[in-house]
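Here the protein sequences come in this chain order: A and B. 1 is the number of the first residue of the first sequence in this note's numbering; add one for each residue after it. 1001 is the number of the first residue of the second sequence in this note's numbering; add one for each residue after it. Using N, Cα and C, we set each Cβ at its ideal position, and we do this for glycine too. These numbers were taken from a predicted model, which means no experiment stands behind them. Structure, as structure tokens:
Number of protein chains: 2
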Amino acid sequence: MSKSKKAYAAAGVDVDLGNRVKRGIQALVKGTHGPEVLGRIGGFGGLFRPNFRGMKDPVLVSSADGVGTKLKVAFATGRHDTVGQDLVNHCIDDIAVIGARPLFFLDYIGAEKLEPHVFTQLLKGFAKACKAAKCAIVGGETAQMPGMYHPGEYDLVGTIVGVVDRPKLIDGSKIRAGDVVIGLASNGLHTNGYTLARKVLFEQMGLGLDAKLPGVKGTLADELLRVHRNYQPLLASLPAGVVKGLAHITGGGLVDNLPRVLPKSCDAVIDCSSWKVPAIFDHIGRGGKVDRAEMYQVFNMGIGMTIVVAAKDAAAVQRKTKGVVIGGIVKGSGSVRLVL
Amino acid sequence: MSKSKKAYAAAGVDVDLGNRVKRGIQALVKGTHGPEVLGRIGGFGGLFRPNFRGMKDPVLVSSADGVGTKLKVAFATGRHDTVGQDLVNHCIDDIAVIGARPLFFLDYIGAEKLEPHVFTQLLKGFAKACKAAKCAIVGGETAQMPGMYHPGEYDLVGTIVGVVDRPKLIDGSKIRAGDVVIGLASNGLHTNGYTLARKVLFEQMGLGLDAKLPGVKGTLADELLRVHRNYQPLLASLPAGVVKGLAHITGGGLVDNLPRVLPKSCDAVIDCSSWKVPAIFDHIGRGGKVDRAEMYQVFNMGIGMTIVVAAKDAAAVQRKTKGVVIGGIVKGSGSVRLVL
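What follows is the structure, encoded as structure tokens:
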């Protein structure tokens, strides 16, 4: 540290450390860059020259999100390489439901103090998920804020910007009574319900991170850190025009998310016996004596994405996506009726 | 609260409260929308149909940022209506230095628990600044994370996306020895150096929020909460081609930010006696016995934006911007030399 930065460092902000750490991640970030990315990291803004060739009416679709208290599991286990992937994939799924593909991503890490090895793991997670999704990391901010976060903890925020050609925008408006709802399997809790899950599993049931639970592969920590699935490539592979509506099942579960895409004249009737709810949700429900209806509103219960299609297209979409028919569309008022 | 959400609420997450608060802000958000915004709030992604008419080669420029521990002043005073403006303006200035104008903004608020009146004040700040900047709020996330933040506290993150026509991109490449550096006045500390400022003013000097300091207008709290200036409209009003380089003076001060735009063959020599450093910085420097060189690396010292122009254009740019010549460009190696 240079002599001239004594006061700031004594107040808890180590500028040199921040700069060193940031230099170390440049290769990771550059690995996500395609030809659309201009300029350099370290400049003020990320430059992205979009290629909208072949699009009639490009619409930018964006979303900001966090990982919630899934982070607390990362803190407890010291495993920081997965939550960055969670964040990217969650953001991608939020815009994929409109039919958009991701273009670029920006991250924010807020912490009391930068821990270089933690920071590097987080960035590796962002980079891994972005590279897989052909999404460029064009910017980010790392804020050292003494007194804002608990020691050793941090918050993560991601913003994604993608694009969809307006004629291909998926908005649910073509959904009709008689259509079919197909559910795609989630990979565990994804990024929702962790405050309740942790309370039940760790406090009420007194389980440890290494606990082995019937029906759960690996340790409890493994299960809770499973990476949020990116459904976008699978959705993009479906034939144009077949998908009438998509819902990313996040906070609020099937009950609150599916209505976002339903016309006001339709209900979705979901038969909760039509798929096998993964064991982890049973453990949480039983261990915390959580009302079954509430379970379906807090957790994804094993369904991370729903696709509404015409009945005639259901079999083909099921085959392609390995999805399960979990319900159907009936006349109604824009809500979800769970058959528990 | 419905009966079925007991367990989640007991764990500290009030979904109904979150939904109620979000409904309340829809009018604020809609007030920022121009014709480019499609669709509705409450959907999964924000839809923005960009109008690039008249542009040869549109490049998207984006930036993510926070407000740092200026938030601690908002917490202490209970005044939450300015930090949202700080965040928006900071983000805008970060992309304005490349020549970009803002298109849309997304916010993130992370908190232990949602306080509706705080949330509304924050959103009013975002909306006020976005409306003034003709920038649409197209999305946002509010995360209730029990145990992550201190009670009554929150973190704010903003992401901005703007556009610049590539031929008009400002990258500093035309800067030459003999050019002039013009500084534009900041409005106080903007959003940098608050960890040190608070330590010196409140801990070492023992001042209260209502303290009156010589040369400082209003109370200490007023001074510390002054809103980050948005320089973009002023910069956009300058004649095309005149501006060779821009630097937003944020964390790292003149010393670290000006070099971001300097060619490797040039230095900037800054005469620190050429403008009057606002009194607040003198109080911090003297009160904390902070080395003068460090002061210029932690704080903006009264200069929030620098413009590099050819000597022949300096007088006209000064008149238009009310800026001050604070230095010049000489042969060198891409650094800043402060004449203290």
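Beta-bridge partners of residue i, as assigned by DSSP
i               : result
Q144 (chain A)  : A:A111
F48 (chain A)   : A:V37, B:L1060
L1338 (chain B) : B:I1270
I1137 (chain B) : B:F1105
D1065 (chain B) : B:G1158
T1306 (chain B) : B:G1183, B:A1247
Unbroken alpha helix (DSSP H) run spanning residue i, endpoints
i               : result
P233 (chain A)  : 232-236
D1282 (chain B) : 1279-1287
L968 (chain B)  : Lying before the first or after the last residue shown, residue 968 (chain B) is absent from chain B, which here runs from 1001 to 1340.
V1029 (chain B) : 1026-1030
R1319 (chain B) : 1314-1321
D14 (chain A)   : It is not in any alpha helix (DSSP H) - D14 (chain A) carries neither H nor E in the DSSP assignment.
D1256 (chain B) : 1253-1257
K1070 (chain B) : 1070-1077
V352 (chain A)  : Residue 352 (chain A) is absent from the structure shown; chain A starts at 1 and stops at 340.
Q1085 (chain B) : 1083-1096
R198 (chain A)  : 194-198
D1222 (chain B) : 1220-1224
Assigned exposure category for residue i - 16 Cβ within 10 Å defines buried
i               : result
V339 (chain A)  : exposed
K264 (chain A)  : exposed
H1150 (chain B) : exposed
V330 (chain A)  : exposed
G42 (chain A)   : Annotation note: pLDDT 47 at G42 (chain A) (below 50); position unreliable, no value reported.
R1229 (chain B) : buried
H1080 (chain B) : buried
N192 (chain A)  : buried
A1133 (chain B) : buried
R1020 (chain B) : exposed
G1068 (chain B) : buried
H117 (chain A)  : exposed
P1233 (chain B) : exposed
R1226 (chain B) : buried
R1260 (chain B) : buried
Q1144 (chain B) : buried
Endpoints, the beta strand (DSSP E) within which residue i is located
i               : result
C1266 (chain B) : 1266-1271
G1162 (chain B) : 1154-1165
V1243 (chain B) : Segment: none, V1243 (chain B) is in no beta strand (DSSP E) and carries neither H nor E.
A185 (chain A)  : 180-185
G1328 (chain B) : 1324-1331
Through-space distance from residue j to residue i, alpha-carbon basis
i               : j               : result
P58 (chain A)   : L106 (chain A)  : 21 Å
S2 (chain A)    : P1146 (chain B) : Note that S2 (chain A) has pLDDT 45, beneath the 50 cutoff, so the model's placement of it is unreliable and the number below is only indicative. Approximately 39 Å between the Cα atoms of the pair.
A165 (chain A)  : A1316 (chain B) : According to the sequence as given, residue 165 (chain A) is Asp; it is not Ala. Rounded to the nearest angstrom, the two C-alpha atoms are 44 Å apart.
V277 (chain A)  : V216 (chain A)  : 12 Å
V1009 (chain B) : L201 (chain A)  : According to the sequence provided, residue 1009 (chain B) is Ala. The question's Val does not apply to it. The straight-line gap from Cα to Cα measures roughly 16 Å.
G285 (chain A)  : R292 (chain A)  : 7 Å
P1239 (chain B) : K1168 (chain B) : 11 Å
P252 (chain A)  : F52 (chain A)   : In the sequence on display, residue 252 (chain A) carries Gly and not Pro. Straight-line Cα distance between these residues: approximately 34 Å.
A1074 (chain B) : H1248 (chain B) : 23 Å
L254 (chain A)  : I1326 (chain B) : 60 Å
F48 (chain A)   : I137 (chain A)  : 10 Å
G1183 (chain B) : K1322 (chain B) : 9 Å
A268 (chain A)  : K312 (chain A)  : 17 Å
G342 (chain A)  : V336 (chain A)  : Since the displayed chain A opens at 1 and closes at 340, residue 342 (chain A) lies outside it and no answer follows.
T1082 (chain B) : G1241 (chain B) : 34 Å
I1303 (chain B) : M1055 (chain B) : 32 Å
W969 (chain B)  : M305 (chain A)  : Residue 969 (chain B) lies beyond the stretch modelled for chain B, which goes from 1001 to 1340, so this question has no answer here.
L28 (chain A)   : T1219 (chain B) : 46 Å
V342 (chain A)  : G1328 (chain B) : Any property of residue 342 (chain A) remains undetermined from this structure, which presents chain A solely from 1 to 340.
K174 (chain A)  : C1091 (chain B) : 39 Å
L38 (chain A)   : G46 (chain A)   : 8 Å
T156 (chain A)  : A111 (chain A)  : Just to set this straight, residue 156 (chain A) is Leu in the shown sequence, not Thr. Distance between the alpha carbons of L156 (chain A) and A111 (chain A) is about 9 Å.
L123 (chain A)  : A177 (chain A)  : 45 Å
D179 (chain A)  : G245 (chain A)  : 10 Å
Below-8 Å beta-carbon distance, residue i vs any chain C residue
i              : result
L220 (chain A) : The chain inventory of the structure shown lacks chain C, comprising the protein chains A and B.
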